[in-house]
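**Student:**
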Amino acid sequence: MSFINYMAREINCKIVYYGPGLCGKTTNLQYIYERTSPDAKGKMISLATETERTLFFDFLPLSLGEIRGFKTRFHLYTVPGQVFYDASRKLILKGVDGVIFVADSQIERFEANQESVENLRTNLAEQGYSLEKVPYVVQYNKRDLPNVLPIEELREALNPMNVPDYEACARTGPGVFDTLKAVSKLVLTELKKGA
Amino acid sequence: MVNPQMVMYEEEFNQIQLVVDRLVREANAKVVFIVDKNGQLIAASGEVDNIDTTSLASLTAGNIAATGGIAKLLRENEFSTQFHEGENANIHIQLVGNRVILVVIFDSKSSLGLVRLRVRKASDELNRIFESLLSKVQEPGGDSPFAEITDEDIDNLFND
Ligand SMILES: Nc1nc2c(ncn2[C@@H]2O[C@H](COP(=O)(O)OP(=O)(O)O)[C@@H](O)[C@H]2O)c(=O)[nH]1
Ligand SMILES: [Mg+2]
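Okay, here's the thing in structure tokens:
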């Protein structure tokens with residue numbers, strides 16, 4: 016649920032990075048954090064275990080610039096990917112304005128991706144949202160690794176609705192900002208429609 | 430849409446700001462702030478220059494969401510109050526009207542009893558303000574600045 020503040024002349028939106036454990040959600044945020052100028056970002060918060068697995072969420076506030084005199088602020092969140100953290104994932108989806116599904120392109124993670132998309136669909140539905148309606152994009156991450164599935168196969172399995180999708184390597188950056196821009200555009204377009 | 434759009438107007442913002450400013454004084458608090466349940470900061474008062482209110486807002490909302498989840502598992506209603514005591518700073522968190530979160534940070538210049546008392550009064554006032562804000566938002570015909578934005582405006586945001 017975006018928040019329009021007429022007083023501060025700000026619009027705040029919430030974007031959630033979803034996907035199976037270790038697909039690279041936290042790495043996406045870290046890359047964005049590193050490559051954004053200090054005045055456009057806040058502190059990045061990671062609620063992680065001692066082994067750096069996301070325990071609850073990562074959070075990164077970003078300012079994208081102004082539209083018609085309103086500052087656009089995006090709050091980026093990641094969910095913990097491991098199956099047993101489902102309760103936390105549901106909480107983080109509350110009030111979401113846009114979702115990025117990060118897929119792990121490696122062959123051995125094929126099923127994990129499929130389960131995670133299903134889980135996203137279920138958890139959104141529980142909040143009264145649907146994957147068909149919420150601004151949604153897909154990222155095929157880890158394209159730099161040798162053991163990856165061809166894009167066509169991933170697309171067929173994970174993106175039947177044909178939403179905007181991007182190949183990425185979150186560790187070094189290609190595709191990271193393209194994905195974020197794509198979802199941000201969809202969110203703002205949605206806002207325009209709802210206005 | 431499930432959630433009505435959260436909107437803040439100047440009139441209500443000023444009323445809310447008055448309440449938090451007064452709460453800082455009357456509760457002898459260091460900082461008071463209000464966050465919506467999604468972690469967005471609505472208003473703040475007190476020694477806010479020394480703290481990262483954006484981070485605090487998101488973490489407080491996460492905290493409330495997590496305890497709300499626990500409450501649900503225990504078939505409880507939401508735990509509406511939380512208190513954390515530190516060596517120097519204490520934090521009192523109050524859910525107001527199941528909609529927004531009122532946070533008071535205080536030190537030894539105040540006490541939990543005083544904070545509780547003042548928070549109760551402020552909560553009632555805030556509840557009334559948010560009720561009226563909500564009914565305003567649901568009125569039809571409120572013109573949004575975003576009805577007018579073009580695809581070009583959106584594209585321009587990303588041209589850097
Ligand atoms: N080779 C490669 N490794 C990646 C890529 N993205 C993330 N990783 C690595 O995958 C591991 C898990 O990433 P993380 O962001 O913690 O996953 P999360 O569980 O989705 O948050 C880390 O060791 C990352 O460095 C990528 O594009 N290529
Ligand atoms: Mg993570």
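Those protein sequences? They're chains Y and X, same order as listed.
The opening position of the first sequence corresponds to residue 16 in this note's numbering, with each subsequent residue numbered one higher.
The opening position of the second sequence corresponds to residue 430 in this note's numbering, with each subsequent residue numbered one higher.
We put the beta carbon where it would ideally sit given N, CA and C, even for glycine.
Here the structure is a predicted model, which means the values were calculated and not measured.
In angstroms with no decimal places, state the Cα-to-Cα distance between Tyr21(Y) and Phe508(X).
**Tutor:** Straight-line Cα distance between these residues: approximately 31 Å.
**Student:** So with CB distances below 7 Å, who are the chain X contacts of Ala212(Y)?
**Tutor:** Past the edges of chain Y, shown from 16 to 210, lies residue 212(Y), and the structure says nothing about it.
**Student:** Would you mind reading off the limits of the alpha helix (DSSP H) that contains Asp100(Y)?
**Tutor:** Contrary to the premise, residue 100(Y) reads as Tyr rather than Asp in this sequence. Where Tyr100(Y) is concerned, there is no enclosing alpha helix (DSSP H), given that its DSSP letter is neither H nor E.
**Student:** DSSP three-state call for Glu67(Y): helix, strand or coil?
**Tutor:** Here Glu67(Y) sits in coil by DSSP.
**Student:** Across which residues does DSSP place Ser487(X) in a beta bridge pair?
**Tutor:** Beta-bridge pairing links Ser487(X) to no other residue.
**Student:** Residues of chain Y with CB closer than 7 Å to the CB of Phe442(X), please, in chain order.
**Tutor:** Residues of chain Y passing the Cβ test: Met22.
**Student:** Measure from the C-beta of Ile583(X) to each C-beta in chain Y and report whether the shortest distance is under 8 Å.
**Tutor:** Closer than 8 Å: yes.
**Student:** What I want to know is whether the C-beta of Asp73(Y) ends up closer than 7 Å to one or more non-hydrogen atoms of ligand 2.
**Tutor:** It does: the Cβ of Asp73(Y) is within 7 Å (strictly closer) of some heavy atom of ligand 2.
**Student:** For chain X, check one thing: does any of its Cβ atoms lie closer than 8 Å to the Cβ of Ile47(Y)?
**Tutor:** Cβ-Cβ to chain X under 8 Å: no for Ile47(Y).
**Student:** Can you tell me where the alpha helix (DSSP H) holding Ser199(Y) begins and where it ends?
**Tutor:** Taken as a continuous stretch (DSSP letters only), the alpha helix (DSSP H) holding Ser199(Y) covers 191-209.
**Student:** Who are the neighbours of Gly491(X) on chain Y, taking C-beta pairs under 7 Å?
**Tutor:** Result: Phe71, Phe72.
**Student:** Taking 8 Å as the cut-off, does the stretch 470-489 of chain X touch the stretch 436-450 of chain X (at least 3 CB pairs, one atom from each stretch)?
**Tutor:** Contact holds: three or more Cβ-Cβ distances are below 8 Å.
**Student:** Got a sec: which bits of the stretch 30-60 of chain Y sit with their beta carbon under 7 Å from any beta carbon on chain X, in order along the chain?
**Tutor:** Taking 7 Å as the Cβ-Cβ cut-off against chain X, the residues of the stretch 30-60 of chain Y that qualify are Gly57, Lys58, Ile60.
**Student:** Within the present structure, is the beta-carbon of Lys196(Y) separated from the nearest heavy atom of ligand 2 by less than 7 Å?
**Tutor:** Checking the Cβ of Lys196(Y) against ligand 2 gives no.
**Student:** Considering just the uninterrupted stretch of the alpha helix (DSSP H) at Ala480(X), what are its terminal residues?
**Tutor:** A quick correction: the sequence has Ile, not Ala, at residue 480(X). Here Ile480(X) belongs to no alpha helix (DSSP H), and DSSP marks it neither H nor E.
**Student:** Quick one: residues with CB closer than 6 Å to any heavy atom of ligand 1, in chain order, please.
**Tutor:** Working through the chain, the matches are Gly34(Y), Gly36(Y), Leu37(Y), Cys38(Y), Gly39(Y), Lys40(Y), Thr41(Y), Thr42(Y), Thr69(Y), Thr93(Y), Gly96(Y), Asn156(Y), Lys157(Y), Asp159(Y), Leu160(Y), Cys184(Y), Ala185(Y), Arg186(Y).
**Student:** Counting C-beta neighbours from all protein chains within 10 Å, is the total for Glu205(Y) 16 or more, i.e. buried, or is it exposed?
**Tutor:** So Glu205(Y) counts as buried.
**Student:** How long is the line joining the alpha carbons of Phe512(X) and Leu452(X), rounded to whole angstroms?
**Tutor:** Spanning the two alpha carbons is a distance of roughly 17 Å.
**Student:** With DSSP as the reference, label Ser61(Y) as helix, strand or coil.
**Tutor:** Three-state DSSP puts Ser61(Y) in a strand.
**Student:** Does DSSP classify Ala473(X) as helix, strand or coil?
**Tutor:** Three-state result, Ala473(X): strand.
**Student:** Taking the continuous beta strand (DSSP E) assigned at Lys109(Y), which residues delimit it?
**Tutor:** Taken as a continuous stretch (DSSP letters only), Lys109(Y) belongs to no beta strand (DSSP E), as it is neither H nor E.
**Student:** Check for me: the alpha helix (DSSP H) holding Val448(X) runs from which residue to which?
**Tutor:** Element bounds for Val448(X): 439-455.
**Student:** At a cut of 8 Å, does the stretch 107-119 of chain Y reach the stretch 48-61 of chain Y through at least three beta carbon pairs?
**Tutor:** With a cut-off of 8 Å, the stretch 48-61 of chain Y and the stretch 107-119 of chain Y do not count as touching, because too few Cβ pairs lie within range.
**Student:** Of all Cβ atoms in chain X, is any one closer than 8 Å to the Cβ of Gly188(Y)?
**Tutor:** Judged by the 8 Å Cβ criterion, Gly188(Y) is not in contact with chain X.
**Student:** Name the chain X residues that come within less than 7 Å of Lys200(Y), Cβ to Cβ?
**Tutor:** What Lys200(Y) touches in chain X: Ile583.
**Student:** Could you give the first and the last residue of the continuous alpha helix (DSSP H) run that contains Ile7(Y)?
**Tutor:** The shown model of chain Y, from 16 to 210, leaves out residue 7(Y), and the question about it has no answer.
**Student:** Put Arg186(Y) into one of helix, strand or coil per three-state DSSP.
**Tutor:** Coil, per DSSP.
**Student:** Using a Cβ-Cβ distance under 8 Å, would Arg83(Y) count as near chain B?
**Tutor:** Annotation note: the requested chain B is absent from the structure, which comprises protein chains Y and X.
**Student:** Starting from Leu586(X), find everything on chain Y with Cβ-Cβ shorter than 7 Å and list it in chain order.
**Tutor:** Chain Y residues near Leu586(X): Leu79, Gly80, Ile82, Thr87.
**Student:** What does Pro35(Y) pair with, by DSSP beta-bridge criteria?
**Tutor:** Paired residues: none, contrary to the question.
**Student:** Decide if Ile530(X) is buried, meaning its Cβ has at least 16 other Cβ atoms within 10 Å, or exposed.
**Tutor:** Counting Cβ neighbours within 10 Å, Ile530(X) comes out buried, since at least 16 surround it.
**Student:** Relative to ligand 3, is the shortest distance from any of its heavy atoms to the C-beta of Asn128(Y) smaller than 7 Å?
**Tutor:** Inclusion of ligand 3 in the displayed structure is not the case, the ligand content consisting of ligand 1 and ligand 2 alone.
**Student:** How about Ala473(X): is its C-beta nearer than 8 Å to some C-beta of chain Y?
**Tutor:** False, the Cβ-Cβ gap to chain Y never drops below 8 Å.
**Student:** Counting only Cβ pairs nearer than 9 Å, list the residues of chain X close to Asn138(Y).
**Tutor:** None at all; the shortest Cβ gap to chain X is about 13 Å.
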